[in-house]
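Written below as structure tokens is the structure these notes are about.
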Amino acid sequence: MPLQRVLIANRGEIALRIVRACRDEGIASVAVHSDADARAPFVRAADLAVRIGPAAPAESYLRIETLIEAAHASGADAVHPGYGFLAERAAFARAVEEAGLVWIGPPSSAIEAMGDKTSARRLMAAAGVPIVPGAVAAMTDPEEARAMAEQLGYPVLVKAAAGGGGKGMRVVHAPGDLAEALRAAAREAQKAFGDDAVYLEKFIEAPRHVEIQILADARRTVHLGERECSIQRRHQKLVEEAPSIAVDAALRERMGAAAVAAAAAVGYRGAGTCEFLLAADGAFYFLEMNTRIQVEHPVTELVHGVDLVREQLRIAGGETMQVPDGVRHPNGWAIECRITSEDPANGLLPSTGTITWMSVPSGPHVRWDAGIEVGSEVTLHYDSMLAKLIVSGETRTAAIEAMRRALDELVIVGVATNLPFHRALMRDPDFIRGEIDIQFLERRPDLLEAATDEDSLLRLAVTAALLEDERRGSRRISSLPGQAAASVSRWREVARTDGHR
Amino acid sequence: MKYFVTVAGREVEVIVDGDQVTVDGRQVAAHLVHFPGTPLVQLSLEGRRYPLAVAGRDDDGWRLVDHGAVREVNAVDERTRHIRSLVGQVSGVAGGGVVKAPMPGMVVKLLVEVGQRVAAGDGLLLLEAMKMENELKAPGDGVVESISTTVGQAVEKGEVLVRLAALPSD
Numbered sequence: 085m086p087l088q089r090v091l092i093a094n095r096g097e098i099a100l101r102i103v104r105a106c107r108d109e110g111i112a113s114v115a116v117h118s119d120a121d122a123r124a125p126f127v128r129a130a131d132l133a134v135r136i137g138p139a140a141p142a143e144s145y146l147r148i149e150t151l152i153e154a155a156h157a158s159g160a161d162a163v164h165p166g167y168g169f170l171a172e173r174a175a176f177a178r179a180v181e182e183a184g185l186v187w188i189g190p191p192s193s194a195i196e197a198m199g200d201k202t203s204a205r206r207l208m209a210a211a212g213v214p215i216v217p218g219a220v221a222a223m224t225d226p227e228e229a230r231a232m233a234e235q236l237g238y239p240v241l242v243k244a245a246a247g248g249g250g251k252g253m254r255v256v257h258a259p260g261d262l263a264e265a266l267r268a269a270a271r272e273a274q275k276a277f278g279d280d281a282v283y284l285e286k287f288i289e290a291p292r293h294v295e296i297q298i299l300a301d302a303r304r305t306v307h308l309g310e311r312e313c314s315i316q317r318r319h320q321k322l323v324e325e326a327p328s329i330a331v332d333a334a335l336r337e338r339m340g341a342a343a344v345a346a347a348a349a350v351g352y353r354g355a356g357t358c359e360f361l362l363a364a365d366g367a368f369y370f371l372e373m374n375t376r377i378q379v380e381h382p383v384t385e386l387v388h389g390v391d392l393v394r395e396q397l398r399i400a401g402g403e404t405m406q407v408p409d410g411v412r413h414p415n416g417w418a419i420e421c422r423i424t425s426e427d428p429a430n431g432l433l434p435s436t437g438t439i440t441w442m443s444v445p446s447g448p449h450v451r452w453d454a455g456i457e458v459g460s461e462v463t464l465h466y467d468s469m470l471a472k473l474i475v476s477g478e479t480r481t482a483a484i485e486a487m488r489r490a491l492d493e494l495v496i497v498g499v500a501t502n503l504p505f506h507r508a509l510m511r512d513p514d515f516i517r518g519e520i521d522i523q524f525l526e527r528r529p530d531l532l533e534a535a536t537d538e539d540s541l542l543r544l545a546v547t548a549a550l551l552e553d554e555r556r557g558s559r560r561i562s563s564l565p566g567q568a569a570a571s572v573s574r575w576r577e578v579a580r581t582d583g584h585r
Numbered sequence: 307m308k309y310f311v312t313v314a315g316r317e318v319e320v321i322v323d324g325d326q327v328t329v330d331g332r333q334v335a336a337h338l339v340h341f342p343g344t345p346l347v348q349l350s351l352e353g354r355r356y357p358l359a360v361a362g363r364d365d366d367g368w369r370l371v372d373h374g375a376v377r378e379v380n381a382v383d384e385r386t387r388h389i390r391s392l393v394g395q396v397s398g399v400a401g402g403g404v405v406k407a408p409m410p411g412m413v414v415k416l417l418v419e420v421g422q423r424v425a426a427g428d429g430l431l432l433l434e435a436m437k438m439e440n441e442l443k444a445p446g447d448g449v450v451e452s453i454s455t456t457v458g459q460a461v462e463k464g465e466v467l468v469r470l471a472a473l474p475s476d
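Top to bottom, those sequences are chains A and B. For the first sequence, the working numbering gives the first residue as 85, with consecutive numbering after it. For the second sequence, the working numbering gives the first residue as 307, with consecutive numbering after it.
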């Protein structure tokens, strides 16, 4: 039965994205929010809103019981989990199902099967999907881990069994660092996922991160080609594109078939993503399956002409997806830049503050998916991603040019962002040639640093001197070219005189 | 009026006299336009136009957004500069230093003890913010003089966490 009213168990840009898809489908939307988000754009946009607790996620967005109560109270018949928070928590999917509500996502059994990375690896190996060599069970004993690492050969990767998004992940280059990496990864995993199980695998050097979008309804499972997400910092994706410069039609079909097989092995339904490492020799290895909509889904939407969130809603409502049969080829190129509140002048540590101004890019080939607006407060409670800037073009070169233009138009005042990085990357010759892999940013820390060239020095010095001169009132402010704003300086005169009394 | 402008540790002398602007003795054509209702400004400099935004102003100077980057730019007149130079901050002992919290967060682990020798780049403690652990590193070689925080403590940006003393010369 088609859905009537969807509760969105998330916040920020993805909550707004889901509100929009609901509206397009003629479905009512219910936002839930913490106290910190009471005035957020996604809450205003939704048809209904329910407060679920204080700012801390553990007391609001992560409370399963409260969310189910909110769904009942608001008359929702379905729950969309977005990404992050509880999106890949099988217990939440089960609680939703048991409450007689529709879960907009795969069956809880599929989340469970893919959620435990070690059992997923075993399943995938059995289904004939290539996997990275490594342990298929969680490692608790450091001695056992040491033996396994020796067998695999260093470097090895320590990963959270319940993980994702780079949390609880450590590369270990030498035996001496293994014990501490296991401890740190377990600690982060416990904090992020409530589960401290970690496992080991062989670390493939300089691969690309290429992932396949899957869509499955009751009748069939299809893939919608690849996204390349090699531009990452500490395993956090920063820039994604579709298609990948490293994937031709033949490889796309091989990787697509592997992803479809992976989805079929767990009885998948809805939208999902199989992440692969693509080695320089063309070999690819299954990393994990993300059993939810992903942050970077828009690049696939732009090159395949689909609306993945609307498809999620249709499939959950028992309808058939609107993706045609047969081989699908990407049309043009799309790139996404994740705009985060990470301050390049402060070692990319998170910056906080109130957004006092935004100039948002527009014009041809530009899409802006944001969770913030003027007046939004950026706090440390939530993820540092503020918005996604997505562009398309006929070719990769055209898309990069469109992104440069869009980034030039984007101004955010009130919080420091990683905008300088994106601007530098879109002008970087190696990136432009597509010579990227997941270690690209480790080799190029310069792109992440705040650079000061002679031109910017001159610009900034002159601007500050002119501003200081205006402030002191020794110079008139002109608000428009060639038009002296006499009244402004008159008021300034008065203010100064008053100040001297 | 003559201003001494400091950007990224570099000092530039800018003289503003009406529409005449002189930078380090070189006369340039410069003009600033404001856009009412916005923090946006447009700098015309030697015939080229640059978009900037004024994020704010405090005792440290102007906070400008230029090409996506937030920059602290300090502009003072000659007298203020002279006074500041008299007050002058004595820079830390070579090798020593103070490690402050670069952001608000929670201390999750201390990696050193008082009295411990550290080399530049050694991890001092783990600070968690936004669900990620960040290692704060020693700015130079030294000896841990004091640790003014404990595991589990929430700290504010700028709070002093660890003091390093210079290595004893042997």
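Positions of the beta carbon are idealized from the N, C-alpha and C atoms, including for glycine. Predicted model only: the values in this text are computed from it and were never measured.
Span of the alpha helix (DSSP H), counted from its first residue to its last, around residue i
i	result
Gly-96/A	96-109
Ala-115/A	Careful: Ala-115/A lies outside any alpha helix (DSSP H), inside the beta strand (DSSP E) at 112-118.
Glu-337/A	333-349
Lys-275/A	262-277
Gly-199/A	192-199
His-381/A	381-388
Ser-540/A	538-555
Arg-517/A	513-517
Pro-504/A	503-509
Residue i to residue j span [Cα, whole Å]
i	j	result
His-449/A	Ala-486/A	7 Å
Ser-397/B	Asn-380/B	Caution is warranted here: a pLDDT of 33 is assigned to Ser-397/B, below 50, making its placement in the model unreliable, and the coordinate value is therefore given only provisionally. Ser-397/B and Asn-380/B: Cα-Cα distance of roughly 19 Å.
Gln-320/A	Arg-311/A	15 Å
Val-311/B	Trp-368/B	10 Å
Leu-551/A	Asp-383/B	13 Å
Cys-358/A	Met-208/A	11 Å
Thr-486/B	Leu-464/A	In the structure displayed, chain B extends from 307 to 476; residue 486/B sits before or after that span and is not available.
Ala-148/A	Ala-179/A	Before going further, note that residue 148/A is Ile rather than Ala in the sequence given. Rounded to the nearest angstrom, the two C-alpha atoms are 8 Å apart.
Arg-488/A	Ala-359/B	19 Å
Ala-231/A	Leu-266/A	14 Å
Pro-214/A	Arg-205/A	9 Å
Leu-397/A	Ala-183/A	19 Å
Ala-263/A	Ala-99/A	40 Å
Arg-556/A	Glu-143/A	49 Å
Leu-433/A	Arg-303/A	46 Å
Ile-453/B	Ala-418/A	49 Å
Tyr-238/A	Asp-131/A	54 Å
Ala-270/A	Leu-241/A	13 Å
Glu-395/A	Asp-261/A	46 Å
Ala-400/B	Leu-470/B	Only weak support is given to the placement of Ala-400/B: the predicted model assigns it a pLDDT of 40, under 50, and the question is left unresolved by the model.
Ala-345/A	Glu-196/A	17 Å
Phe-287/A	Arg-363/B	48 Å
Val-466/B	Ala-336/B	42 Å
Start-to-end residues for the beta strand (DSSP E) that takes in residue i
i	result
Glu-317/B	316-323
Leu-430/B	429-435
Glu-310/A	305-317
Pro-226/A	Element bounds for Pro-226/A: not the beta strand (DSSP E) but the alpha helix (DSSP H), 226-236.
Gln-396/A	First-last for Gln-396/A: 392-400, but that is the alpha helix (DSSP H), not the beta strand (DSSP E).
The ligand COA heavy atom lying under 6 Å from the CB of residue i
i	result
Ala-183/A	The ligand COA is absent from the structure shown, which contains no ligand whatsoever.
Residue nearest to residue i in terms of C-alpha spacing, selected from the options
i	options	result
Ser-328/A	Thr-384/A, Val-306/A, Gly-354/A	Thr-384/A
Arg-511/A	Gly-137/A, Ala-345/A, Thr-481/A	Thr-481/A
Gly-427/B	Gly-448/B, His-388/B, Ala-471/B	Gly-448/B
Ala-334/A	Ala-258/A, Leu-494/A, Val-411/A	Val-411/A
Ala-400/A	Ser-158/A, Ala-162/A, Pro-513/A	Ala-162/A
Gly-374/B	Glu-462/B, Arg-385/B, Ala-361/B	Ala-361/B
Gly-403/B	Asn-440/B, Gly-446/B, Gly-429/B, Val-347/B	Gly-446/B
Met-442/A	Met-409/B, Ile-321/B, Leu-346/B	Leu-346/B
Arg-377/B	Ala-545/A, His-257/A, Arg-292/A	Ala-545/A
**Study point:** Minimum length 3: unbroken beta strand (DSSP E) runs contained in the segment 434-465 of chain A
**Key:** DSSP runs (the beta strand (DSSP E)) wholly in the segment 434-465 of chain A: 441-443, 450-454.
Practice item. Mind checking the segment 414-444 of chain A against chain B and listing, in chain order, the residues whose C-beta falls within less than 8 Å of any C-beta there? Key: Taking 8 Å as the cut-off between beta carbons, the residues of the segment 414-444 of chain A near chain B are Asp-427, Pro-428, Ala-429, Asn-430, Gly-431, Leu-433, Pro-434, Ser-435, Thr-436, Thr-440, Trp-441, Ser-443, in sequence order.
Review point. Which residues, in chain order, does the segment 333-345 of chain B contribute to contact with chain A at a C-beta distance below 9 Å?
Key: For the segment 333-345 of chain B, the residues whose beta carbon sits under 9 Å from a beta carbon of chain A are, in order, Val-334, Ala-336, His-337, Leu-338, Val-339, His-340, Phe-341, Pro-342, Thr-344, Pro-345.
Check your understanding: Got a sec: which bits of the segment 386-409 of chain A sit with their beta carbon under 8 Å from any beta carbon on chain B, in order along the chain?
Key -> Listed by position, the residues of the segment 386-409 of chain A near chain B (Cβ gap below 8 Å) amount to none.
Review point. Of the residues that make up the segment 519-546 of chain A, which ones have a beta carbon closer than 8 Å to any beta carbon in chain B?
Key: Answer set for the segment 519-546 of chain A: Ala-534, Thr-536, Ser-540, Leu-541, Leu-542, Arg-543, Leu-544, Ala-545, Val-546.
Check your understanding: Residues in the segment 404-425 of chain B with C-beta within 9 Å of chain A's C-beta atoms, listed in sequence order?
Key -> So the close ones are Pro-408, Met-409, Pro-410, Gly-411, Val-414, Lys-415.
Review point. For the segment 118-151 of chain A, which segments carrying the alpha helix (DSSP H) assignment without a break, of at least 4 residues, lie completely within its bounds, in sequence order?
Key: Within the segment 118-151 of chain A, the complete alpha helix (DSSP H) runs of at least 4 residues are 125-129.
Exercise for review: Mind checking the segment 162-183 of chain A against chain B and listing, in chain order, the residues whose C-beta falls within less than 9 Å of any C-beta there?
Suggested key: Residues of the segment 162-183 of chain A whose Cβ lies closer than 9 Å to any Cβ of chain B: none.
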